[in-house]
Amino acid sequence: MRRTSLILFTLVCVIFGCAYYNTFYNARKAFKEGERIRLYQQTPDGGIPPLALASYELAVENAGLVLRDHPGSSYVDDALVLIGDVRSIQGQHLQAIKRYEQVLRLFPDGEFTGHCVFSLGNSLLNAGDSTRADEQLERFVREFPGSDRFPDALMLRGKIALGGARYGESVARFQEVLETRPGDEREAEARYNIALARLEEHRFSEAREQLAHAIEQARTRKLKFQAAYMLGESLRREGDLPAALRTFESLLDQRAFSDYHPEVMLAIAACQAEMDLHDSAVSTYESLITYFESDRSHAEEVSRAMFELGELYRTAGDLDLTEHWYDEARRTSPRSFWVGDEADRKHGAIRELRRLDGNLGNLLAAMEAMKSSGDPDSNTSSNYAKLTEDAVGLRYQLAELYLFQLEMADSALSQYRAIEEGSNDPSMAAKAAFARGWILDEMLNDPDNASSVFDSIAVRYPGTAHAVEAAILRSKPIVGELPPDRLFSEAERLLFEADRPDSARGLYELVLQRDPDGEYAPQALYALGWLAETHFDDPDTALDRYREIVERHPRSEQANSVRDKIRLMEELLPAPAPAPDK
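Quick note, the sequence shown lines up with residues 822 to 1403 if you use my numbering.
Here's what the structure looks like:
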């Protein structure tokens, strides 16, 4: 009887053990089949083939059965890892992260620890959490230096540093790949990434040296092309446009790179545009569109060529062709590609520009008719003044559209000049003149003409807020007597709207000079203390300003608010040095 019971017990154990083993065996078999299909039956768009997806889902289903029905079995960690790997392959990185973290929590010293630490870092990186990804990959490098994936971890850490603009750190990590794994298949990729870092540091000759090695050592056509392309890009960034153009043109002659010809043609056209070879650039963009418009695999390059044509015509001032090519670009661009949104934005700006320009034309025609009619009606002058004011408002809108949405600085300048010439309001004219000076200085890199414009504002429009700002900007005395409230409000505008604390400080000090005991004096003192403390890292000056408020304006609201602050700041002052012994 006891022998029969023992046999039955053994059979039950074997049956149940076979059950969860068979379930996991089926999961692993389905996973391997999915991998085989994915690697050997690649789709044109690089996606996962449907049959592979079906196998992956079958693998996850069977692994899930192991977790549900056999939670105490020895295959739980295998099942969790398999599910994590499938979700990682499918791009479902948050689910993959969850599974890898489960394995590391439940089996901290298990056989899959190294795999899960690396895979967790990789999934975190793909999910956009580069900080935590780097922490996991650093742990992998530290704890598993003998792993075959050690170079991969170094490569990923190097790319994280590169993406974070930590170029020296990035180079060190890629260099470690070269030093610890000489002759490794990733050597060319490491050199390519070192070159990218050196390019960002403007160390162009070093970048080209690494790119030459990468071209020689690259084991894939894609990497060889990328390195050759960046060789031309390094020359372009260094300013040697003819050499860059020759390098890019040589890539078109290499049949091995035919899949990348649209990208090369974009680079060629960009060089031609920078060299002011307008007709050649237009021809290159149009050729790209003609040859590849029907090939949806190159929709991004085609839509970008259309967008860049729009940009060329925008720069040339041809809004009809600009609008046409922006419209074509947004029609052709893939939904997730940046060109569609940018072309749509600029196309909308041109439509709004045409609407405003039409309204302005109607206003100017009405003003001209009013001037030529000789109507003796007493309301004519006031009506004309109202139309002039409306025209100025429309010109401001046009100028801002030209400047901030279409980057057409010259067209914006012409609108601001027309405002200055046509406005009857000195403050409006001064504002337009100041805008002209800003464009010349900040956008057209013409400081001499900008200075001339700023100097003229104080002379032509004395007493206006922008005359004050121009005088401060040019470190010249302010012409005219602005009342304290105007000075103070202009200082506030400079500080909080224009983000110009230096100019604001000058106006606050002017408030004190002109009316040291007036209504705005304690407010100006408080602002000067706050600026010294927060913008100029000068706590001693800040404390002096706060003390001055209490001494000169003890009943002011500002005095009440700074007393505790003064006490705290005084407590933080270093103790005075002891007097020397006599």
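Glycine residues also receive a C-beta, built at the ideal position from the N, C-alpha and C atoms.
{"Query": "Through-space distance from N1204 to L1185, alpha-carbon basis", "Result": "13 Å"}
{"Query": "Continuous alpha helix (DSSP H) stretch holding D1232: start and end", "Result": "Reading the sequence as shown, one finds Ser at residue 1232 and not Asp. Taken as a continuous stretch (DSSP letters only), the alpha helix (DSSP H) holding S1232 covers 1230-1243."}
{"Query": "Beta-carbon proximity check, V887 vs V902, cutoff 8 Å", "Result": "no"}
{"Query": "Contact under 8 Å by Cβ, G1243 with T1285", "Result": "no"}
{"Query": "First and last residue of the uninterrupted alpha helix (DSSP H) at T1153", "Result": "1140-1153"}
{"Query": "Of the listed residues S894, A1035, M1249, nearest to G1004 (C-alpha basis)", "Result": "A1035"}
{"Query": "Counted within 10 angstroms of its Cβ, other Cβ atoms place G1138 as buried (16 or more) or exposed", "Result": "exposed"}
{"Query": "Neighbourhood of S876 by C-beta, 6 Å cutoff - its chain only, sequence neighbours within 5 removed", "Result": "A851, E854, G855"}
{"Query": "7 Å CB neighbourhood of Q923 in its chain, flanking five on each side removed", "Result": "L901"}
{"Query": "Whether R1335 touches A1353 by CB criterion (8 Å)", "Result": "no"}
{"Query": "Proximity below 8 Å, CB of I1171 to CB of E1144", "Result": "yes"}
{"Query": "Per-residue DSSP class, three states only, for A1250", "Result": "helix"}
{"Query": "Nearest residue (CA-CA) to E997, options S1194, S894, R1012", "Result": "R1012"}
{"Query": "Reduced DSSP category for P1304 - H, G, I as helix; E, B as strand; rest coil", "Result": "coil"}
{"Query": "N-terminal and C-terminal residue of the alpha helix (DSSP H) that A1120 is part of", "Result": "1120-1137"}
{"Query": "As assigned by DSSP and simplified to three states, the class of D1080", "Result": "helix"}
{"Query": "DSSP three-state assignment for L1261, whether helix, strand or coil", "Result": "helix"}
{"Query": "Residue interval of the alpha helix (DSSP H) (run including T1362)", "Result": "1360-1373"}
{"Query": "CB-CB length for L1140 against N1180, believed under 8 Å", "Result": "Rounded, the Cβ-Cβ distance is 16 Å, inconsistent with contact."}
{"Query": "Inter-residue CB distance, V1332 and A1312 (contact presumed, cutoff 8 Å)", "Result": "7 Å"}
{"Query": "For P1343, the nearest candidate out of E1059, A1077, P1305 (CA to CA)", "Result": "P1305"}
{"Query": "At least 3 beta-carbon pairs within less than 8 Å: the segment 914-929 vs the segment 943-958", "Result": "yes"}
{"Query": "Candidates F1357, E1010, N1381, E990, of which the one nearest A1033 by Cα", "Result": "E1010"}
{"Query": "Run of the alpha helix (DSSP H) containing S1071, from where it starts to where it stops", "Result": "1062-1073"}
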